[in-house]
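Have a look at the structure below before the remarks.
In this note's numbering, the protein residues as written are 2 to 175.
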């Protein structure tokens, strides 16, 4: 389980960096002379859909949450909250895509609304990562001795990244 926690922690660090990029792009939207880079925003949203939603979140569900729930009920409420956040991500990303499309079409109208939506998403993602980090640290300290040697932990699946053609959007498969 220690390996699983380390892999998930590494993924969270990568996701945090994604929020840094989104925040910088959000700030740049305030420059009226610079139209938003819709291709870059769409690549980031694709990454969120393809990797975070389809690879990372299912990995947490199948390995981390399952392992914790098998050993203790302490995290049930927090896990349920994380699962609700996971379930809401597709709707939030779809809303961001829709707002981006409107922004590009009607620029500069809609900048403030899109910035606010991005800020809300970034804040949600960061809170999610920080809460998960805190609780995973607590679980690791409290239950890691139980996980070593008592049950074998399957290796976490790794994502395969495929690009079919130059300039195509990468797809992530578990």
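The C-beta atom is built at its ideal place from N, Cα and C for all residues, glycine as well. The structure presented is a predicted model; accordingly, all values stated were derived computationally and were not measured.
Exercise for the section: Could you pull out every unbroken alpha helix (DSSP H) segment of at least 4 residues lying fully inside the segment 64-151, listed in chain order? Expected result: 67-72, 77-107, 112-148
Handout entry: residue 174 to residue 48 span [Cα, whole Å]
Key = Since pLDDT at residue 174 reaches only 47, below the 50 mark, its modelled position is unreliable, and the value read off the structure follows with that caveat. Cα to Cα, residue 174 sits roughly 12 Å from residue 48.
Exercise for the section: State whether the segment 74-82 contacts the segment 22-42, with contact taken as three or more CB pairs (one from each stretch) at a distance under 8 Å. Expected result: no
Practice task
Below 6 Å CB to CB, which residues in the same chain sit around residue 18 once its five sequence neighbours on both sides are set aside?
Solution key: none
Practice task
Assign residue 153 to buried or exposed, taking buried as 16 or more other Cβ atoms, counted over all protein chains shown, within 10 Å of its Cβ.
Solution key: Low local confidence applies: a pLDDT of 45 at residue 153 is under 50, so the model's placement there is unreliable, with the coordinate-based value given in what follows. Counting Cβ neighbours within 10 Å, residue 153 comes out exposed, since fewer than 16 surround it.
Exercise for the section: Apply the 10 Å Cβ neighbour rule to residue 37 and answer buried if 16 or more other Cβ atoms are within range, or exposed otherwise. Expected result: buried
Problem - Element boundaries [alpha helix (DSSP H), containing residue 38] - result: Element bounds for residue 38: n/a, residue is neither H nor E.
Handout entry: the segment 50-68 touching the segment 88-101, judged by at least three CB pairs closer than 8 Å
Key = yes
Problem - Exposed unless 16 or more other CB atoms sit within 10 angstroms - verdict on residue 60 - result: buried
Exercise for the section: Please confirm whether residue 25 and residue 57 have their CB atoms less than 8 Å apart. Expected result: no
Handout entry: Inter-residue CB distance, residue 94 and residue 41 (contact presumed, cutoff 8 Å)
Key = With 8 Å as the limit, residue 94 and residue 41 do not qualify as a contact, their Cβ atoms being about 15 Å apart.
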